[in-house]
Amino acid sequence: MQYAHAKPYAKWLQNLIVLDKVNFEDLDKDCDYYNNTQITCSKKTEKNNTDSNNNTTHAANAKTSKTSLPAIPQTQLNSQHIIALQKAFGYNYDELTLSIEQMAQSGKEILASMGVDTPLALLSPNPQPLFNYFKQLFAQVTNPPLDSMREKIVTSCRNYIGAEGNPLKPSADNAKRIRISRPILSNEEFYKISHLESKGFKSKTISLLFEKNELYKDIYGEINVLEEVLQRIFLQANEAIANGVQILVLSDRGLDSNHLYVPSLLATSALHHHLVRTSQRTKASIVIESAEPREIHHLACLLGYGATAVYPYLVYDSIALLREQGRLQVAYQEGMNNFINAATSGIIKIASKMGVSTLQSYNGAQIFEALGISKKLIDSHFSGTQTNIEGIDCDDILQDVIRLHGNAFGYTMNKNTDNFTQELESSGLHGYRSGNYLHGNTDSTKEEHLYDPLMIYKLQNSCRNADYKEFKEYIQIVDSKFTHIRHCMDMDFSQAISLDEVESVESIVKRFKTGAMSYGSISKETHECLAIAMNRIHGQSNTGEGGENEERFTILSNGDSANSAIKQVASGRFGVSINYLVNSKEIQIKIAQGAKPGEGGQLPGKKVYPWIANARNSTPGVTLISPPPHHDIYSIEDLAQLIFDLKNANREAKISVKLVSESGIGTVAAGVAKAGADTILVSGYDGGTGASPRTSIANAGTPWELGLAEVHQTLILNGLREKVRLEVDGKLLSGRDLAIATLLGAEDFGFATAPLVVLGCTMMRVCNLNTCPFGIATQNEFLRKRFTGKPEHVVNFMHFIAQNLREYMALLGFKNLDSMVGRSDKLSRSSTLSLSFDKAISLSSHNFTKESHKKAQKISLERILHNPLTVNKTNTFCKDYQRLNLDMSKDVSVILPQVKSAITQGKKVHLELEISNITGRTFGTILSSEITRIHGKKGLEDDSITIITHGNGGNSFGAFLNHGITLKIIGDANDYLGKGLSGGKIIVQKSPIADFIAEENIIAGNVCLYGAIEGEVYLDGVVGERFCVRNSGVKAVCLGVGQHGCEYMTGGVVVVLGDIGRNFAAGMSGGIAYIYGKHNTSHINTELVDIRELDSQDSNEVESLIAKHIQYTQSDIAKKILQNFDRYEFFKVIPRDYESMLLSIAKYQHNENPILKAFYEITGGSKKPSSTPISIQ
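Reading the sequence shown from the start, the letters are residues 1 to 1177 in full-length UniProt numbering.
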């Protein structure tokens, strides 16, 4: 009681201001924020803007009554000024339509496809927002990403504004803060924050603007203007904090023809680090009032580098203007809220990529790496951020600001001119836009694309006509591009040899692989065409994460094979059965994907056609979700376990692990190598995708040149390089690309986008819409008939690119690829980078600079080209795979010799033995594998092999168990029990000598039945968290489950005879769960499911399963429930879409094809595509 009186927390919390509950009548009446917001940083201030038309929407809003803040502007919008501001802050038509307009309309971030093929910010001749020089970091393997959508119970976008106080000295003042529910402020929220001085919250606005005449100092080398303005900002912040200000507002409002601005990210991070260095950071919060941020990535950068909240006022003005122009069909307030909600959701998702669940943790965490910024600038204002290739400094940032300002105000303020355009230009940020390029003409207003129409034509035509001469024309176009780090490199041709001495094309193509494109993202015809082509040249195709129909495992009548050599195991585990794994030459564990690392995926129900559902062991018309992490990989040790499981499932297959390039990937790769992987794939950030959020495509991950070099060097330094092969993928388009990749350490090469183009793709970028006009990225039967690709076209491409690689090998002096691997001493920084740049700036012209690659001159390749051979010369490439001795496992040494009669003659065999955590690890998987090799998917008759074990089942006990195998543990089991169960039966019964109560104790660990497909499981006790994650067909009974039970489940039946943990059925899109105890309903995540009472049919099913459970486990609690069975004590959990599909199938059960008929009814689709014309995007 004495402590409670000394620390009255409840009373202290009354000092907390909840912004959502603040009424306008509570705000300061004698304060006009906007009248006091003047340009104070310049020596000569302008109390009024030069043009009365400079009043923007939100200034007008704020000057109205203090008791209400109109959502819609009362004055007519000045569209000309808004567009001028948009140009000055670097907006373009693509961002306006694909980001602001779409998010304001739908409240969701727009999806895009086919990756990014535009230049890095450092290599682009066009002005780039500073945000574009930062790449989001993400978790791989350890501390995995989390699912912010399905696991909202652990995420929060709440934050607090104001002085933080001393956490070691709790007091009432520590609670004196403003709580905001989201980091992106609306007009009203920003107005409230600015008018709370009477509540004890003083704010100070510091302008980011400076006068144009200050530029002359920079021209004559007197001082760097941006640095001078930053120092002024620091001094104002120091003074404000000394005067008790708790809220520092950095504002660029008031921009006009006579004022320029400091980029908001530079100002935010610089002030943040200044306050940290001067021990003032906890004394004030930073709020950004800026016109510059308009993308989710921009907002995330500001928050990550110290801003507590952001008010993107020009976005809201743009929304108002879009409404006035008739392009936005929602009310202004709704559009603004939609944008805020979409942006907030996107920011939480970005944080989730690194496993960060709350915005408070993300705030100021700097979970980014710089790509193209000088170390000097990083050390000054972005301390602690990794930068690997050097790049721009404050001078370059200033040049971009000047160019943008000139483009905006060179004509805008002259009302009599006819040159002003009432529209922003489209620069082709994502899709190709017609225009001339630096390597074709002099116009660089459009971003250069690797894939342009002429390049696509030459590639397709040469491969279809087997014309290597024309292919060389394509090569000339590709290699003339200037978009990637490799385009800044030269090769040493001083030791050239004859082409006749070089390794043959037929040998080289064996190293080629096609990328992981799932059956679902691309059509059946395309998927099989790629597999046939790669099998013809003894290369390898990749299933992607969508599984593969077993009919393809059989050789075709003409001798071809459509069986993909590489079977991918992704987080969704779609189609990952023992039969799938046995029919592979390589098994790839996809940790991340280049286009969206740290994220999961979702295949909408309208795309889950019956044939797709069949390959994925799911229900047609029902949405399929891939979680961001593998739920059986939370550490390197967990990855080692999965590798061990897969090597048991197929002892002949190699195991590869797919990572995405980022800073620090070398350390992860070293762990992957030690975990037992045979191949490590380093994917570049620019890989293609069927559908990915726009934010992720361009802003997460780094080019493969950086990741590959880091992995290769790290493995050499750790003595691991000779034990593992390195593979690379990501926009590999020419022999030159492959040569550079080899010199940086690659031994194998992946191609995805290029083969699709060869087969007919023209980069229309509508993959996510299911409307591909060439029958490639679609499941629509009508469109698939348009597919004209042939395996020989892909074969020609592979042969041609191998021949082009041979030509480079000859020039470099290498007879074979192995001798070429890691020879980065043959690479150097290009001598052809433009060195000319006119320093002079004409302030009277809107065209301030000569077009050139000035920024690219500053690139440093030292880290990439560092050659560690001087430290360790013994291992430069993979000499032999790591051997995993499985001969001493229980399966090989004990079980297989005793069950031969069951496998070959169909006899029934019964075994009984002792096991432990070690000997029971991945128990039964090799047995299942050998049965599958002989009998295929169907396995053996039920209970042909029954094995009773006593003791402790190790990790992955019964993984990938096929039909005919029954495993029983009398004891308990560890994690991953029944992983990928493929028809077998598992029983876990508590030991008869155990005196604990079964329904109160854990009998099996976490993530049991992950990705299980078929079979039965009976557990006489409580199981851990994430039970039946992605179960697609298993029937299971247990006495209780932990949190996140039945997450992402797509089929099967689960009966829980006890309590369930929180977030049950999150992401559950199929299957049925029956739960005992109505008190459990509060733990159900009802986003996708309904809670129902049991009907008579349900009752019969539950009683039958409980009876089986009693038969196998002798469960006391199950006997009690069955003896007194009351269906009203249970409730049923069933996904809405799944139930609708089942009812529709039943409705058409007498039709010729009831499933397809039901699918078209549920999805509202048809065989023919929409009559709406398809436009290039």
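Just so it is clear, CB atoms sit at the ideal spot from N, CA and C, and this is done for glycine as well.
Can you confirm whether the segment 6–15 touches the segment 168–185 when touching is taken to mean that 3 or more C-beta pairs between the two stretches lie within less than 8 Å?
Yes, since at least three Cβ pairs between the segment 168–185 and the segment 6–15 fall closer than 8 Å, the two stretches touch.
Have a look at GLN568 and PHE339 and give me their C-alpha separation to the nearest angstrom.
Computed Cα separation, rounded: 36 Å.
Nearest CA to the CA of residue 1179: which residue from TYR191, LEU255 and ASN224?
With the chain covering 1 to 1177 only, the question about residue 1179 has no answer from this structure.
Return helix, strand or coil for ASP357, following the three-state DSSP convention.
In the sequence as displayed, the identity of residue 357 is Ser instead of Asp. Coil.
Hey, quick one: how far does the alpha helix (DSSP H) through ILE1106 stretch, first residue to last?
Element bounds for ILE1106: 1096–1113.
If you count every other CB in all the chains shown that lies within 10 Å of the CB of ASN1063, and 16 or more means buried, which is it?
Buried.
Would you say ARG1030 and GLY547 are within 8 Å of each other, going by their C-beta atoms?
No.
Taking only three categories from DSSP, how would you classify SER79?
SER79 falls in the helix class under three-state DSSP.
Are the segment 1050–1060 and the segment 628–643 in contact at 8 Å, needing three or more beta carbon pairs?
No: the two stretches stay apart, fewer than three of their Cβ pairs being nearer than 8 Å.
Could you check what DSSP says for VAL1054 in three-state terms: helix, strand or coil?
Reduced to three states, the DSSP call for VAL1054 is strand.
Thinking just about the alpha-carbon of each residue, which of LEU1156, PHE996, LYS854 and ASP1095 is nearest to the one in THR392?
Checking the displayed sequence, the identity of residue 392 turns out to be Ile instead of Thr. Considering only alpha carbons, the answer is LYS854.
Between PHE89 and chain B, is there a C-beta pair that is closer than 8 Å?
Looking for chain B here will not work: only one protein chain is present.
Can you check which of these residues, ASP452, ARG829, ASN465 and ASN579, is closest to VAL795 by C-alpha distance?
Minimum Cα distance to VAL795 is reached at ASN465.
Residues in its own chain within less than 8 Å of GLU727 by CB, not counting five upstream and five downstream?
Answer for GLU727: LYS513, SER656, THR679, ILE680, LEU681, VAL682, ALA746, GLU747, ASP748, PHE749 and GLY750, listed in chain order.
Helix, strand or coil: which one does DSSP assign to THR788?
If DSSP states are grouped into helix, strand and coil, THR788 belongs with coil.
Counting only the same chain and skipping the five closest in sequence on each side, list residues whose C-beta sits under 7 Å from that of ASN530.
Sequence check: residue 530 is Leu here, not Asn. Same-chain partners within the cutoff: THR514, SER541, PRO755 and VAL794.
Three-state secondary structure (DSSP) at MET103?
MET103: helix per DSSP, three-state reduction.
Take CYS878 as the anchor and find which of GLU470, TYR261 and LYS723 has the nearest alpha-carbon.
When each option's Cα is compared against that of CYS878, the closest is LYS723.
Does the segment 131–151 touch the segment 471–486, meaning 3 or more C-beta pairs lie closer than 8 Å?
Counting Cβ pairs under 8 Å, fewer than three are found: no touch.
What would DSSP say about ALA112, mapped onto helix, strand or coil?
The answer is strand: DSSP assigns ALA112 an E or B state.
One question on the structure: do GLY978 and HIS963 come within less than 8 Å of each other, judged by their Cβ atoms?
Going by C-beta atoms, GLY978 is not nearer than 8 Å to HIS963.
Within a Cβ cutoff of 8 Å, which residues of the same chain sit near GLU912, ignoring the five residues on either side of it in sequence?
These residues qualify, in order along the chain: ILE947, ILE948, THR949 and HIS950.
Take GLY1042 as the anchor and find which of GLN399, HIS1150, ILE993 and VAL1007 has the nearest alpha-carbon.
When each option's Cα is compared against that of GLY1042, the closest is VAL1007.
Using a threshold of 8 Å, state whether the C-beta atoms of ILE643 and GLY676 are closer than that.
Result yes, Cβ atoms of ILE643 and GLY676 sit closer than 8 Å.
Within a Cβ cutoff of 8 Å, which residues of the same chain sit near LEU934, ignoring the five residues on either side of it in sequence?
Residue identity check: residue 934 is Ile in the sequence provided, not Leu. Closer than 8 Å at the Cβ level, and outside the excluded window around ILE934, lie ILE903 and THR904.
Are ALA1066 and ARG150 touching if we call contact CB-CB under 8 Å?
In this structure, ARG150 lies closer than 8 Å to ALA1066 by Cβ.
Between the C-alpha atoms of LEU104 and ARG294, what's the straight-line distance to the nearest angstrom?
According to the sequence shown, residue 104 is Ala rather than Leu. Roughly 12 Å between the two C-alpha positions.
How about ILE1003 and LEU981: do their beta carbons lie closer than 8 Å?
Result no, Cβ atoms of ILE1003 and LEU981 do not sit closer than 8 Å.
Ordered along the chain, which non-local residues of its own chain (more than five positions away) have a Cβ less than 7 Å from that of ILE1155?
Same-chain partners within the cutoff: PRO610, PRO620 and ILE1145.
Pop quiz: ILE555 and SER561 are said to be a contact at Cβ under 8 Å. What is the actual Cβ separation, rounded to whole angstroms?
Sure, about 5 Å apart at Cβ, within 8 Å.
Leaving out the 5 sequence neighbours to the left and right, which residues in its chain are closer than 6 Å to GLY789 when beta-carbon positions are compared?
Contacts found: CYS529, LEU759 and GLY760.
Is ARG1127 near LEU1105, with beta carbons less than 8 Å apart?
Going by C-beta atoms, ARG1127 is not nearer than 8 Å to LEU1105.
Throw me the rounded Cβ distance for the LYS135 and GLU369 pair, which I believe falls under 8 Å.
Contact flag correct, Cβ pair sits at about 5 Å.
Assuming LEU226 and ILE373 are in contact, meaning their beta carbons sit under 8 Å apart, how far apart are those beta carbons, in whole angstroms?
The Cβ separation is near 14 Å, so there is no contact.
In chain order, what residues of the same chain lie with their CB nearer than 6 Å to the CB of GLY1005, ignoring the 5 residues before and after it?
Result list for GLY1005: ASN974, ASP975 and GLY1024, in chain order.
Which of the three DSSP states, helix, strand or coil, is assigned to HIS381?
HIS381: helix per DSSP, three-state reduction.
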